[in-house]
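First to last, the sequence lines map onto chains A and B. Once you know that position 301 of the first sequence is 300 in numbering that gives the first Met the number 0, the rest is easy, because the numbers rise by one and skip nothing. Once you know that position 35 of the second sequence is 34 in numbering that gives the first Met the number 0, the rest is easy, because the numbers rise by one and skip nothing. Ideal Cβ placement from N, Cα and C applies to all residues, glycine included.
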Amino acid sequence: MDMKVSKWFGITSVMALSTIMIAGCGGGSGSDDSADGATTIEFMHWGGDETYEGDYEERIKQFEKENSDIKVKTITVADDYDTKLQTMIAGKEAPDVAQVAENGTGFATKGAFIDLSDRIKDAGIDMDETWGAAIDLYKNEDEIFGLPDRGGSSILYYNKDMFDDAGLNYPATDWTMDDYYKAAEAMTNDKEGEDKRWGSTAGDYNLVWGNFLESNGGGIMDQDGKVIFDSPENLKTLTEYNDAFKKWSVDFETSEDAVNRFQAGVVGMNMTGFWDIKANSEVDGLNFGISTMPIGTKPTSWSTGSALTISSQSSDKEQEAAWKFIQYMTDEDAQQILGKGLNDCPANLKVLSSDEFLNQKVGDQDLDLSSIATAQERVVIDGLLAGPWYSEANDEARDKVKEMLLGHITPEDTVHTVQENLEKIVDKY
Amino acid sequence: MRNKNPEQKNGVIAAKNQSLHQRTKSDRRWFFFFISPWLVGFVILTVGPMIFSLFMSFTDWDMLTKMNFIGLDNYKNLFHDEIFILALKNTFKYTLISVPVNLVISLAMAYLLSFKLKGMRFFRTLYYLPAIVPAVASSILFKNILAKNGLLNKGLSFLGITGPAWLLNKKAVIYGFVFLAVWGVGGTMVLLLSSINSIGDEMYEAADLEGASRFKMFTSITVPQISPVIFFNLITGIIGSLQTFTQVYMITDGGPDNASQMIVPYLYKNAFSYYRMGYASAMAWILFFIVMILSVLVLKSSSAWVFYEEEMK
Numbered sequence: 000m001d002m003k004v005s006k007w008f009g010i011t012s013v014m015a016l017s018t019i020m021i022a023g024c025g026g027g028s029g030s031d032d033s034a035d036g037a038t039t040i041e042f043m044h045w046g047g048d049e050t051y052e053g054d055y056e057e058r059i060k061q062f063e064k065e066n067s068d069i070k071v072k073t074i075t076v077a078d079d080y081d082t083k084l085q086t087m088i089a090g091k092e093a094p095d096v097a098q099v100a101e102n103g104t105g106f107a108t109k110g111a112f113i114d115l116s117d118r119i120k121d122a123g124i125d126m127d128e129t130w131g132a133a134i135d136l137y138k139n140e141d142e143i144f145g146l147p148d149r150g151g152s153s154i155l156y157y158n159k160d161m162f163d164d165a166g167l168n169y170p171a172t173d174w175t176m177d178d179y180y181k182a183a184e185a186m187t188n189d190k191e192g193e194d195k196r197w198g199s200t201a202g203d204y205n206l207v208w209g210n211f212l213e214s215n216g217g218g219i220m221d222q223d224g225k226v227i228f229d230s231p232e233n234l235k236t237l238t239e240y241n242d243a244f245k246k247w248s249v250d251f252e253t254s255e256d257a258v259n260r261f262q263a264g265v266v267g268m269n270m271t272g273f274w275d276i277k278a279n280s281e282v283d284g285l286n287f288g289i290s291t292m293p294i295g296t297k298p299t300s301w302s303t304g305s306a307l308t309i310s311s312q313s314s315d316k317e318q319e320a321a322w323k324f325i326q327y328m329t330d331e332d333a334q335q336i337l338g339k340g341l342n343d344c345p346a347n348l349k350v351l352s353s354d355e356f357l358n359q360k361v362g363d364q365d366l367d368l369s370s371i372a373t374a375q376e377r378v379v380i381d382g383l384l385a386g387p388w389y390s391e392a393n394d395e396a397r398d399k400v401k402e403m404l405l406g407h408i409t410p411e412d413t414v415h416t417v418q419e420n421l422e423k424i425v426d427k428y
Numbered sequence: 000m001r002n003k004n005p006e007q008k009n010g011v012i013a014a015k016n017q018s019l020h021q022r023t024k025s026d027r028r029w030f031f032f033f034i035s036p037w038l039v040g041f042v043i044l045t046v047g048p049m050i051f052s053l054f055m056s057f058t059d060w061d062m063l064t065k066m067n068f069i070g071l072d073n074y075k076n077l078f079h080d081e082i083f084i085l086a087l088k089n090t091f092k093y094t095l096i097s098v099p100v101n102l103v104i105s106l107a108m109a110y111l112l113s114f115k116l117k118g119m120r121f122f123r124t125l126y127y128l129p130a131i132v133p134a135v136a137s138s139i140l141f142k143n144i145l146a147k148n149g150l151l152n153k154g155l156s157f158l159g160i161t162g163p164a165w166l167l168n169k170k171a172v173i174y175g176f177v178f179l180a181v182w183g184v185g186g187t188m189v190l191l192l193s194s195i196n197s198i199g200d201e202m203y204e205a206a207d208l209e210g211a212s213r214f215k216m217f218t219s220i221t222v223p224q225i226s227p228v229i230f231f232n233l234i235t236g237i238i239g240s241l242q243t244f245t246q247v248y249m250i251t252d253g254g255p256d257n258a259s260q261m262i263v264p265y266l267y268k269n270a271f272s273y274y275r276m277g278y279a280s281a282m283a284w285i286l287f288f289i290v291m292i293l294s295v296l297v298l299k300s301s302s303a304w305v306f307y308e309e310e311m312k
């Protein structure tokens with residue numbers, strides 16, 4: 000009796016199992032060569048559909064037109080990009096071309112991408128001229144694993160009307176931190192409610208304080224992966240930054256409502272990436288300008304770009320097609336398309352400083368776009384961004400800086416604690 | 000032939016038994032046939048990954064490179080991981096507060112709603128509605144409600160209380176999550192309500208005749224009668240609270256400075272942001288044992304206070 004039961008159990012399990020197996024394996028994705036000889040490559044990026052339409056769609060169409068034997072299948076990820084990429088790589092279904100930013104080194108140290116150095120050399124690309132220091136973010140030991148595609152670095156947005164009301168000169172590319180702090184003070188009032196004004200939005204965003212540290216000769220980690228947080232320069236920078244935050248920046252309790260106060264016209268300055276230009280230009284009544292980040296002892300910018308990589312899991316044919324694709328995307332024609340309409344900032348410095356890009360009109364604004372090129376040339380890659388520790392180290396550093404700004408710990412404690420904790424974290428990798 | 004011989008008698012009995020046996024056999028066949036999709040799914044998608052994660056917890060796997068066996072190192076390192084210890088504390092604190100508070104409030108509300116008054120149905124629906132809002136939606140909503148200038152503090156200001164910045168204050172943040180849990184009390188409440196409503200009137204009438212007060216009736220009749228449902232809600236509440244993820248991930252991501260970090264969000268971070276899948280698996284198994292031990296404890300204690308009517312008969 001038992002044998003017959005288990006026989007039936009066995010038969011039904013096998014039937015169900017095989018059905019699932021066939022269904023699962025049959026629909027398997029991954030690039031295939033289709034019958035007519037065209038190679039299909041998969042390209043994955045983040046930012047959702049809006050980013051696809053603004054930054055990639057046209058360039059991909061153009062590429063496919065010029066390369067009829069290659070088809071590009073795009074995977075647009077709206078959220079949790081890293082988790083998705085990690086899972087795809089682990090499941091041996093990695094996309095042939097993947098967009099990366101600071102998260103790239105983590106994957107690169109685990110062999111996810113191929114080394115592009117030889118191909119770059121053979122193609123005769125002058126890396127310094129084309130991308131400057133931005134490419135440092137995509138280097139792992141002696142290998143280069145990504146070509147910078149979307150560029151941009153931290154820039155300073157300022158409200159022209161608020162500057163006029165305070166009788167201040169507009170920021171220029173030689174503006175110092177002293178100028179910045181003075182302006183923040185001048186534009187902050189101590190009224191309440193609708194009449195309240197702040198000088199700056201500078202808070203715990205590492206693009207801002209990280210760049211301030213770098214610009215004063217300090218930084219979070221150096222190029223060799225050593226933690227350099229506890230230094231006299233950093234302490235001085237953070238103490239100043241902390242005092243300024245408490246007096247002239249939008250406090251955390253107010254910003255909890257996630258309202259964009261710069262667009263609302265009640266904050267004088269906002270430091271962030273390139274991406275706000277278009278959005279800001281569409282706000283009625285916002286009269287703004289852009290400039291470079293305030294300078295400490297040396298001019299620096301914080302990188303906000305991303306690059307394109309080629310998967311080490313792809314076949315030779317796919318890698319060839321992928322190389323053609325990323326070379327096209329990062330070359331001047333495609334980069335001009337990217338920069339058109341200022342959807343995003345090209346990483347290619349030649350395009351960035353070309354008349355075609357710089358003479359663009361942004362809505363009705365009369366923006367001087369030359370500071371974008373200047374900012375890009377000043378990019379410095381902090382060691383924090385250039386290692387597999389980026390995620391964990393960044394979380395820790397940002398948490399402690401926020402605690403400092405909230406008034407729960409002193410700047411001294413911050414530099415000591417972060418130094419200690421970051422060293423422990425880097426050890427783990 | 001009136002008396003069948005033993006062989007024939009046995010034959011008849013054997014025939015009867017066989018048809019019964021065959022019926023049972025064919026029932027069994029259909030049983031397994033119908034549950035096989037679920038069973039296969041369970042084995043492949045639940046049991047299989049569980050065994051794999053147990054194996055992973057003894058390795059240093061990062062999902063991308065080769066797995067290396069490292070024995071109990073992950074488990075040892077967990078006890079030196081300050082953030083893990085903090086996450087454990089936070090998770091326990093949250094569970095120990097939100098589960099009893101949830102039970103007491105839902106019991107009180109269920110009791111009040113059990114009175115047969117006009118308009119009760121409306122209130123029942125109203126209180127149940129938050130429970131059907133998806134966790135992600137309610138988390139985003141509560142991000143605003145728990146803000147320093149949000150709804151909760153505005154409401155408290157009517158009582159003359161100045162609320163803290165729930166999401167920025169290390170001491171207050173767990174209570175913010177407790178408040179979110181209490182908002183969803185409707186689910187437990189509805190179960191208790193239907194249980195209260197199914198208690199027969201005879202017992203109350205008998206107690207009334209003997210002059211028992213409302214309170215005495217509540218504690219001596221209502222609570223024991225519904226104790227199985229309370230027990231069920233207690234266990235599922237503990238298990239659910241210990242596994243909190245969505246709310247923490249969406250509202251504070253563990254902040255401020257890990258003051259609201261809990262076990263599951265922390266293990267998720269380790270697995271997918273810090274490339275430590277093996278370490279995260281060890282965390283998951285520790286959580287599994289904690290939940291199991293607590294469930295067994297509650298189960299064992301249940302014989303003291305859970306009253307099953309069938310047992311008396």
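#### Entry: Span of the alpha helix (DSSP H) around Glu191(A)
Within the first sequence, the letter at position 192 stands for residue 191(A). Segment: none, Glu191(A) is in no alpha helix (DSSP H) and carries neither H nor E.
### Task
Could you check what DSSP says for Gly198(A) in three-state terms: helix, strand or coil?
As a first step, residue 198(A) must be located in the first sequence, where it is residue number 199. The answer is strand: DSSP assigns Gly198(A) an E or B state.
### Short-range partners of chain A found in the region 267-278 of chain B, where Cβ spacing is below 7 Å
Phe271, Ser272, Tyr273, Tyr274
### Option in Met87(A), Ile59(A), Thr38(A) with minimal Cα separation from Gln312(A)
Taking the first sequence and counting its residues from 1, the one referred to as residue 312(A) is at position 313. The shortest C-alpha separation from Gln312(A) is found at Met87(A).
### Closer than 8 Å to chain B by CB, Ala89(A)
Locating residue 89(A) in the first sequence gives position 90, where the first residue counts as 1. With 8 Å as the cut-off, Ala89(A) counts as an interface residue toward chain B.
### Query
Taking all protein chains shown into account, do 16 or more other C-beta atoms lie within 10 angstroms of the C-beta of Trp37(B), making it buried, or fewer, making it exposed?
Reading the second sequence from its first residue, position 38 is the one you call residue 37(B). With fewer than 16 other Cβ atoms within 10 Å, it is exposed.
### Task
Can you give me the start and stop residues for the alpha helix (DSSP H) that Phe288(B) sits inside?
As a first step, residue 288(B) is located in the second sequence; it is residue number 289 there, counting from the start. Residues 276-304.
### Task
Using 10 angstroms around the beta-carbon of Phe57(B), count the other beta-carbons present and answer buried if the total reaches 16, otherwise exposed.
Taking the second sequence and counting its residues from 1, one reaches residue 57(B) at position 58. Label assigned to Phe57(B): buried.
### Task
Kindly indicate if chain B contains any beta-carbon less than 8 Å away from that of Leu234(A).
Position 235 of the first sequence, counted from the start, is the residue given in the question as residue 234(A). False, the Cβ-Cβ gap to chain B never drops below 8 Å.
### Task
Taking all protein chains shown into account, decide if Lys75(B) is buried (16 or more other Cβ within 10 angstroms of its Cβ) or exposed.
What you label residue 75(B) is simply residue 76 of the second sequence in a count that begins at 1. Burial call: exposed.
### Task
Rank Gly131(A), Glu411(A), Asp79(A), Ile113(A) by C-alpha distance to the C-alpha of Asp141(A) and give the top, closest one.
Within the first sequence, the letter at position 142 stands for residue 141(A). Of the listed residues, the one whose Cα sits closest to Asp141(A) is Ile113(A).
### Query
From Gly183(B) to Glu355(A), what distance separates their C-alpha atoms?
By one-based count along the second sequence, residue 183(B) stands at place 184. By one-based count along the first sequence, residue 355(A) stands at place 356. Distance between the alpha carbons of Gly183(B) and Glu355(A): 57 Å.
### Message
I'd like to know if the region 359-368 of chain A and the region 280-292 of chain A are in contact, where contact means that at least 3 CB-CB pairs between them fall below 8 Å.
### Response
yes
### Query
So, are the CB atoms of Thr200(A) and Pro293(A) less than 8 Å apart?
For the purposes of this step, residue 200(A) is identified with residue 201 of the first sequence, where counting begins at 1. For the purposes of this step, residue 293(A) is identified with residue 294 of the first sequence, where counting begins at 1. Not closer than 8 Å, so no.
### Task
Give me the Cβ distance between Thr39(A) and Lys72(A), rounded to the nearest whole Å; I'm assuming they're in contact under 8 Å.
Taking the first sequence and counting its residues from 1, the one referred to as residue 39(A) is at position 40. Taking the first sequence and counting its residues from 1, the one referred to as residue 72(A) is at position 73. 6 Å between Cβ atoms; contact.
### Query
By the 10 Å Cβ neighbour count, where 16 or more other Cβ atoms means buried, how is Asn73(B) classified, buried or exposed?
Translated into the one-based positions of the second sequence, residue 73(B) becomes position 74. Asn73(B) comes out buried.
### Task
Kindly list the residues whose CB is nearer than 7 Å to the CB of Ile139(B), restricted to its own chain and excluding five residues on each side of it in sequence; keep chain order.
If you number the second sequence from 1, residue 139(B) lands on position 140. Taken in chain order, the residues that qualify are Met249.
### Task
Taking Lys58(A) and Ala333(A) to be in contact with their CB atoms under 8 Å, please state how far apart those CB atoms are, rounded to whole angstroms.
The residue given as residue 58(A) occupies position 59 in the first sequence. The residue given as residue 333(A) occupies position 334 in the first sequence. Note that residue 58(A) is Arg in the sequence shown here, rather than Lys. Yes, Arg58(A) and Ala333(A) are in contact; Cβ-Cβ is about 5 Å, under 8 Å.
### Task
Consult DSSP for Gly288(A) and reduce its assignment to one of helix, strand or coil.
Here residue 288(A) refers to the residue found at position 289 when the first sequence is read from its first residue. Reduced to three states, the DSSP call for Gly288(A) is strand.
### Task
For Met268(A), name the three-state secondary structure that DSSP assigns.
Counted from its first residue, the first sequence places residue 268(A) at position 269. In this structure, Met268(A) counts as strand in the three-state DSSP scheme.
### Message
My output table needs one value for Phe68(B): the three-state DSSP class, helix, strand or coil.
### Response
What you label residue 68(B) is simply residue 69 of the second sequence in a count that begins at 1. If DSSP states are grouped into helix, strand and coil, Phe68(B) belongs with the strands.
### Query
Hey, how far is the Cα of Leu95(B) from the Cα of Val305(B)?
As a first step, residue 95(B) must be located in the second sequence, where it is residue number 96. As a first step, residue 305(B) must be located in the second sequence, where it is residue number 306. Their Cα atoms are separated by approximately 20 Å.
### Query
Is Asn66(A) helix, strand or coil when you go by DSSP?
Here residue 66(A) refers to the residue found at position 67 when the first sequence is read from its first residue. Here Asn66(A) sits in coil by DSSP.
### As assigned by DSSP and simplified to three states, the class of Gly26(A)
Along the first sequence, one-based indexing puts residue 26(A) at 27. Confidence at Gly26(A) is low in this model, with a pLDDT of 44, below 50, so the placement of that residue should be treated as unreliable; the coordinate-derived value is given next. If DSSP states are grouped into helix, strand and coil, Gly26(A) belongs with coil.
### Query
Roughly how many angstroms separate the alpha carbons of Pro410(A) and Asp229(A), rounded to a whole number?
Mapped onto the first sequence, residue 410(A) falls at position 411. Mapped onto the first sequence, residue 229(A) falls at position 230. Distance between the alpha carbons of Pro410(A) and Asp229(A) is about 10 Å.
### Message
Does Tyr274(B) pass the burial test, meaning 16 or more other C-beta atoms within 10 Å, or should it be called exposed?
### Response
As a working mapping, residue 274(B) is identified with position 275 in the second sequence. Counting Cβ neighbours within 10 Å, Tyr274(B) comes out buried, since at least 16 surround it.
### Task
Could you confirm whether any beta carbon from chain A is found closer than 8 Å to the beta carbon of Thr251(B)?
As a position in the second sequence, residue 251(B) is number 252, starting the count at 1. By this cut-off, Thr251(B) is not an interface position.
### Query
Which runs of the alpha helix (DSSP H) spanning at least 4 residues fall entirely within the region 66-110 of chain A, listed in chain order?
80-89, 103-107
### Query
Name the chain A residues that come within less than 8 Å of Met282(B), Cβ to Cβ?
Locating residue 282(B) in the second sequence gives position 283, where the first residue counts as 1. Within chain A, no residue comes near Met282(B); the closest Cβ sits about 15 Å away, beyond 8 Å.
### Query
Does the separation of the CB atoms of Trp90(B) and Ile238(B) fall below 8 Å?
The sequence position of residue 90(B) within the second sequence is 91, counting from 1. The sequence position of residue 238(B) within the second sequence is 239, counting from 1. The question names Trp, but residue 90(B) in the sequence shown is Thr. Their beta carbons are not under 8 Å apart, which means Thr90(B) does not touch Ile238(B) by this criterion.
### Query
For Val249(A), which three-state DSSP category applies?
Your numbering for residue 249(A) matches position 250 in the first sequence. Reduced to three states, the DSSP call for Val249(A) is coil.
### Residues near Ser226(B) by beta carbon distance below 7 Å, same chain, minus five either side
The residue labelled residue 226(B) in the question sits at position 227 within the second sequence. Closer than 7 Å at Cβ, skipping near neighbours: Trp304, Val305, Phe306.
### Task
Could you name the residues that DSSP lists as bridge partners for Pro147(A)?
Counting from 1 along the first sequence, the entry for residue 147(A) is found at position 148. BP columns for Pro147(A) point to Ala306(A).
### Query
If you drop the 5 nearest sequence neighbours on each side, which residues of the same chain put their C-beta closer than 8 Å to that of Gly25(A)?
The residue labelled residue 25(A) in the question sits at position 26 within the first sequence. Only weak support exists for where Gly25(A) lies, its pLDDT of 47 falling under 50; the value from the coordinates is given anyway. Within the same chain, Gly25(A) has no close Cβ partners at all.
### Message
So, for Tyr428(A): in the same chain, excluding its five sequence neighbours on each side, which residues have a beta-carbon less than 6 Å away from its beta-carbon?
### Response
What you label residue 428(A) is simply residue 429 of the first sequence in a count that begins at 1. Same-chain partners within the cutoff: Pro387, Trp388.
#### Entry: Proximal residues of chain B, C-beta to C-beta of Ser390(A) below 7 Å
For the purposes of this step, residue 390(A) is taken as the residue at position 391 of the first sequence. Per Cβ cutoff of 7 Å: Ser272, Tyr273.
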